Ligand SMILES: C[S@@+](CC[C@H](N)C(=O)[O-])C[C@H]1O[C@@H](n2cnc3c(N)ncnc32)[C@H](O)[C@@H]1O
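Residue numbers (this note's numbering): 5 to 251.
Take a look at the structure:
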């Protein structure tokens with residue numbers, strides 16, 4: 005794919021239009037999601053735990069999670085090439101392993117809670133010479149962006165790693181324009197091959213930085229959005245690539 009010119013100060017440029025009253029912290033004006041009860045065993049993760057855990061992972065993240073999740077990222081890239089999204093938000097951009105997935109014509113905003121992860125994404129974007137990429141330290145559950153700011157939002161391996169997945173979905177739906185696309189890449193419970201690992205990791209979510217006990221029905225299927233496709237990806241269907249139309 006053609007390389008983009010490098011953005012001179014991608015972490016400092018204000019992204020798109022922000023609402024005048026944005027406080028960067030609340031999404032109180034949003035309509036509530038359909039009633040979704042949290043599972044008592046869903047595992048709790050705080051922002052602080054995520055920042056700490058991914059801060060520790062950052063130097064080794066690409067070695068630990070680069071190859072194992074690469075197939076899913078490639079499939080996500082193929083999906084993105086088939087869309088004509090101009091304005092794209094990636095939530096949980098991490099070290100930027102997905103940054104070269106996007107069509108050269110798209111304008112990308114990547115956000116992440118972890119300073120250390122994002123610093124690596126910054127270096128990767130510079131090394132790739134990517135233009136039109138902005139990176140910001142930001143919580144995807146409560147952003148300052150205006151409603152319908154993006155044509156497409158990608159959430160690669162983040163939904164089960166965010167403090168409050170219901171709140172994140174509510175924010176994704178606010179930020180994605182009606183008829184736009186939300187692409188979720190994530191592990192969901194129920195695989196015949198991975199159940200033992202899921203069980204072993206279940207009590208450790210705050211240490212490992214994600215929930216292994218995470219259900220598609222509860223976190224994706226129950227919303228009144230339009231699921232367009234669900235594709236098993238990665239080794240033995242470890243993860244699923246879910247393409248959703250925001251309605
Ligand atoms: C498993 S990593 C995935 C990184 C990258 N997307 C990839 O494909 O490898 C999860 C990332 O999501 C970030 N994260 C978790 N919750 C977040 C939130 N609410 N807002 C922004 N970033 C978040 C973490 O800091 C971490 O960098």
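For every residue, glycine included, the Cβ atom is placed at its ideal position computed from N, Cα and C.
Model, not experiment: these values are computed from the prediction.
Item: Chain-order list of residues whose beta-carbon lies under 8 Å from that of residue 179 (same chain, five-residue window excluded); Value: 93, 147, 149, 151, 152, 153, 154, 157
Item: The beta strand (DSSP E) enclosing residue 158, as first and last residue numbers; Value: 154 to 160
Item: Proximity to residue 248 [Cα-Cα], best of 96, 232, 101, 105; Value: 232
Item: Residue 228 versus residue 244 - alpha carbon distance; Value: 19 Å
Item: DSSP-derived helix/strand/coil call for residue 145; Value: coil
Item: Run of the alpha helix (DSSP H) containing residue 86, from where it starts to where it stops; Value: 74 to 86
Item: Where residue 179 falls: helix, strand or coil (DSSP); Value: helix
Item: Distance between residue 124 and residue 31 (C-alpha atoms, nearest Å); Value: Note that residue 31 has pLDDT 33, beneath the 50 cutoff, so the model's placement of it is unreliable and the number below is only indicative. Distance between the alpha carbons of residue 31 and residue 124 is about 29 Å.
Item: CA-to-CA distance, residue 181 to residue 66, given in whole angstroms; Value: 32 Å
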